[in-house]
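Undergrad: Structure in structure tokens, see below.
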Amino acid sequence: MNKKSESPALSCRKDHELGLDTDITRRDFIGGTCVGAGAVLLSMGSPGLSRAGVEGFPPPSIKLGPDWTGPGGTGEYSTSNGNTHEVLNLAHDLRNGNFEESLPSAIDTGESHDLVVVGGGFAGFGAALALQREFEGQKNCLVLDNHAMYGGEAKHNEFIVDGYQIYGPQGSSSFSVLRNNPTFHSVWHDLGLPTEFDHVPLSGTSKQIRFSLDPYAAMRLPDRASIGYFFDGADSGRQWVIDPHLNGFRDTPLSAPLQQELHDAFAHRRKPKHPEPSEQWLDGMTYREFLVNELGFSQAAFEILDYSYASDSSTASGDICSAYYAYLVDAPGTRVLPGQSDWGGDERDYLMFPAGNAGIIRHFVRSLVPAAFPPDATFEDVVIGPTNTAALDMAGNSTRIRLSSTVLKIEHDGIPEKAGHVYITYYRNGNLERVRAKAVVVATPGHVAKHVIRDLPGEIQAAYQEFHHAPQLVINVALTNWRFMETLGISAVRWFDGFGWWAALRQPMSTGGSLTSP
Ligand SMILES: Cc1cc2nc3c(=O)[nH]c(=O)nc-3n(C[C@H](O)[C@H](O)[C@H](O)COP(=O)(O)OP(=O)(O)OC[C@H]3O[C@@H](n4cnc5c(N)ncnc54)[C@H](O)[C@@H]3O)c2cc1C
684 MNKKSESPAL SCRKDHELGL DTDITRRDFI GGTCVGAGAV LLSMGSPGLS
734 RAGVEGFPPP SIKLGPDWTG PGGTGEYSTS NGNTHEVLNL AHDLRNGNFE
784 ESLPSAIDTG ESHDLVVVGG GFAGFGAALA LQREFEGQKN CLVLDNHAMY
834 GGEAKHNEFI VDGYQIYGPQ GSSSFSVLRN NPTFHSVWHD LGLPTEFDHV
884 PLSGTSKQIR FSLDPYAAMR LPDRASIGYF FDGADSGRQW VIDPHLNGFR
934 DTPLSAPLQQ ELHDAFAHRR KPKHPEPSEQ WLDGMTYREF LVNELGFSQA
984 AFEILDYSYA SDSSTASGDI CSAYYAYLVD APGTRVLPGQ SDWGGDERDY
1034 LMFPAGNAGI IRHFVRSLVP AAFPPDATFE DVVIGPTNTA ALDMAGNSTR
1084 IRLSSTVLKI EHDGIPEKAG HVYITYYRNG NLERVRAKAV VVATPGHVAK
1134 HVIRDLPGEI QAAYQEFHHA PQLVINVALT NWRFMETLGI SAVRWFDGFG
1184 WWAALRQPMS TGGSLTSP
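The numbering of the sequence shown is the numbering used here, which starts it at 684 and goes up by one.
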């Protein structure tokens, strides 16, 4: 809207009609996004038309600059602080087909690998590790990733704040030890990761404050932390209620039926209507449908509980994600199946390494490329020490990790059913390069895979078009004004209006070295 061409009054009225003069909350944003997506789908004639519509949508032609990337802090992640402008510009070029004409001129590196893995996150490194475990390091593997640093979602940022070195996850941050899962233990053991953990004892306060061991679990499992609920409504006025779940939310300004619903949900007191609930059955509905249709919760209760769930579904809302996923993360109300010991329940630990799940992925890298870390590296050295990046892509390694390499095209050498090899073309340092492999594992998000795999069977290509994807923004904020929490005797805060809804201090893990701060 060009405001210069309109009277200020008209402009203000339009802003008001569009809701642009009001503060936006996360609920508004997610709700608005869902309504938008629903409206688009309803106006479409058929899935075929819908695909044509999506593909015909003009892609943005803007080239992003360094202001998109923003400050990267210090250390080896400083040039890889999320999807940087370089990464995004190349991804947009890939989607828009801007490389098509130049792809045939790619330089053949002459390399031939048993396996090429596209994507250096958990899935990609998991595939590389599986190959090396199965063939005891006798096969060679190349991992290609488009970022300047490995890890995918499991990367961290490093900052110096008020003289303290602190670490913030870029995405994936908390984990659980699946005590009864043999596959988990076998991989975890091979990676050299511990299963018992010490945490820094609480000091500097005389109050009995419960601390969660990760930032999110207490949203779903309120016993894990001392939680202050902050209400600021027109009727309630400003008030704090500490640990309202301990007395059935009775001290909150919520209505009595809503108090009862929250109590039921956090205590998992309601049973579904279905006589034989199963994992598959849960996967056939959203978390919202499960709460409202099966357990009889109100929409108002769902909207409060959804925040607890969204925290562990990577901020996707419970009216999009499946009830099965909610069950896996032990969301309120979901303990409806027998035998949850692997996944949920009060026994499960929710833990966080000092730098989030980058700590785990770095152990994958040490296992795949031992020279990436000193031979005598301690757990803490691997988690926060420097990576010998020169070792990652050395000839002779059974696994090589090649960074800043955006894969553009994967195609069979001939007819897919008969081809003995696959060619992988990628962009690196201003050049197009091509390698050969006996097999490829594509461990990128599907919205990338559908563009790079040229021989993808039609039905899979069609299925990919049915998926929606949306961006998520993770910002590391150094919270320096937290002392009010100690004054109130709490370690976490839940609020209902304005930006965000939750802040928590966690008890940091001791890693056996000098690092004791989060
Ligand atoms: C914000 C957020 C928070 C999360 N928090 C948690 C958590 O606390 N605990 C938890 O267990 N899980 C969490 N998850 C989920 C977890 O991060 C993912 O399940 C997991 O990291 C996915 O791993 P992946 O290897 O499949 O994908 P990714 O980690 O995304 O790795 C894929 C890699 O492929 C690269 N790639 C893409 N296109 C190309 C290309 N053309 N060429 C080369 N490389 C390419 C990508 O850039 C990326 O590096 C979170 C996810 C998000 C988004």
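We put the beta carbon where it would ideally sit given N, CA and C, even for glycine.
Taking 9 Å as the cut-off, decide whether the C-beta atoms of P667 and T1194 are in contact.
TA: Any property of residue 667 remains undetermined from this structure, which presents the chain solely from 684 to 1201.
Undergrad: Under three-state DSSP, which class holds S869?
TA: Note: S869 maps to helix in three-state DSSP.
Undergrad: Give the secondary structure of C695 by DSSP, where H, G and I count as helix, E and B as strand, and everything else as coil.
TA: Any reading at C695 needs caution, since the residue's pLDDT is 36, under 50, leaving its predicted position unreliable; the model's value is listed next. Helix.
Undergrad: Among all the DSSP beta bridges, which residues are the ones paired with M1204?
TA: This structure gives no information on residue 1204, because the portion of the chain shown stretches from 684 to 1201.
Undergrad: So for R921, helix, strand or coil by DSSP?
TA: Here R921 sits in strand by DSSP.
Undergrad: Do A806 and ligand 1 come close, with the Cβ less than 8 Å from some heavy atom?
TA: Answer for A806: yes, Cβ within range of ligand 1.
Undergrad: With H, G and I counted as helix, E and B as strand and the rest as coil, what does DSSP make of W964?
TA: Looking at W964 - three-state DSSP - the assignment turns out to be helix.
Undergrad: Return the chain-ordered list of same chain residues with a C-beta closer than 7 Å to the C-beta of L1270, the five sequence neighbours on each side being excluded.
TA: No statement about residue 1270 is possible, as the shown extent of the chain runs from 684 to 1201 and does not include it.
Undergrad: From L1091 to H1134, what does the alpha carbon distance come to, in whole angstroms?
TA: Looking at the two C-alpha atoms, the distance is approximately 8 Å.
Undergrad: Can you pull the DSSP bridge partners for V799?
TA: According to DSSP, V799 bridges with L825 and V1123.
Undergrad: Pairing CB atoms from the stretch 821-837 with CB atoms from the stretch 789-806, are three or more of them under 8 Å?
TA: With the cut-off at 8 Å, the stretch 821-837 and the stretch 789-806 touch.
Undergrad: What's the gap between the Cα of R1104 and the Cα of D1138?
TA: In the sequence on display, residue 1104 carries His and not Arg. Roughly 13 Å between the two C-alpha positions.
Undergrad: Pull up the CB-CB distance for T1082 and Q815, whole angstroms please, since I reckon it's below 8 Å.
TA: With 8 Å as the limit, T1082 and Q815 qualify as a contact, their Cβ atoms being about 6 Å apart.
Undergrad: Check G1183 in the structure and name its three-state DSSP category.
TA: G1183: coil per DSSP, three-state reduction.
Undergrad: What separation, rounded to the nearest whole angstrom, lies between the Cα atoms of D926 and R1166?
TA: Each residue's alpha carbon lies about 18 Å from the other.
Undergrad: Tell me R1117's beta-bridge partners as DSSP assigns them.
TA: DSSP, once it has assigned bridges, lists D791 and T1108 as partnering R1117.
Undergrad: Is H830 near ligand 1, with its Cβ less than 8 Å from a heavy atom?
TA: Yes, the Cβ of H830 comes within 8 Å of a heavy atom of ligand 1.
Undergrad: According to DSSP, is Q891 helix, strand or coil?
TA: If DSSP states are grouped into helix, strand and coil, Q891 belongs with coil.
Undergrad: Report the residue from G967, F973, A939 and T969 whose alpha carbon sits nearest the alpha carbon of K954.
TA: Checked all of G967, F973, A939 and T969; the closest Cα to K954 is F973.
Undergrad: If you drop the 5 nearest sequence neighbours on each side, which residues of the same chain put their C-beta closer than 7 Å to that of V1066?
TA: Here the set comprises F1036, P1037, A1038, G1042, R1045 and T1194.
Undergrad: What is the DSSP secondary structure of E977, reduced to helix, strand or coil?
TA: It is helical.
Undergrad: Under the DSSP definition of a beta bridge, which residues are partnered with E1094?
TA: Y1106.
Undergrad: Assuming E841 is part of the alpha helix (DSSP H), what are its boundary residues?
TA: Careful: E841 lies outside any alpha helix (DSSP H), inside the beta strand (DSSP E) at H839 to V844.
Undergrad: Indicate the three-state DSSP secondary structure (helix, strand or coil) for G758 in the structure shown.
TA: Coil at G758, not helix or strand.
Undergrad: Taking the alpha carbon of L876 as the point to measure from, which residue in F1047, S895 and L747 has its own alpha carbon closest?
TA: That would be F1047, whose Cα lies nearest to the Cα of L876.
Undergrad: Regarding Q1155 and ligand 1, is the C-beta to nearest heavy atom distance less than 8 Å?
TA: Correct: Q1155 has its Cβ closer than 8 Å to ligand 1.
Undergrad: When you compare only the Cα positions, how much space is there between G756 and F1179?
TA: Approximately 31 Å, taken between the alpha carbons.
Undergrad: Helix, strand or coil: which one does DSSP assign to Q853?
TA: In the structure shown, Q853 sits in coil (DSSP, three-state: anything other than H, G, I, E or B).
Undergrad: Tell me which same chain residues have a C-beta within less than 6 Å of the C-beta of R1018, skipping the five on either side of it?
TA: Contacts found: H951.
Undergrad: To the nearest angstrom, how far is it from the Cα of N766 to the Cα of P852?
TA: Rounded to whole angstroms, N766 to P852 spans 14 Å at the Cα level.
Undergrad: Determine which residues share a DSSP beta bridge with Y912 and list them.
TA: Partner(s): V924 and R1177.
Undergrad: Would you mind giving the Cβ-Cβ distance between A1074 and V1052, rounded to the nearest angstrom? I have them listed as a contact below 8 Å.
TA: Correct: roughly 6 Å between the Cβ atoms.
Undergrad: What's the gap between the Cα of P754 and the Cα of N1159?
TA: Each residue's alpha carbon lies about 11 Å from the other.
Undergrad: Given a threshold of 16 other Cβ atoms within 10 Å of its Cβ, counted over all protein chains shown, does T1170 qualify as buried or as exposed?
TA: That one is exposed.
Undergrad: Taking 8 Å as the cut-off, is the C-beta of E784 nearer than that to any heavy atom in ligand 1?
TA: Incorrect: E784 has no Cβ contact closer than 8 Å to ligand 1.
Undergrad: Return the chain-ordered list of same chain residues with a C-beta closer than 8 Å to the C-beta of F1150, the five sequence neighbours on each side being excluded.
TA: So the qualifying residues of the chain are G1129 and H1130.
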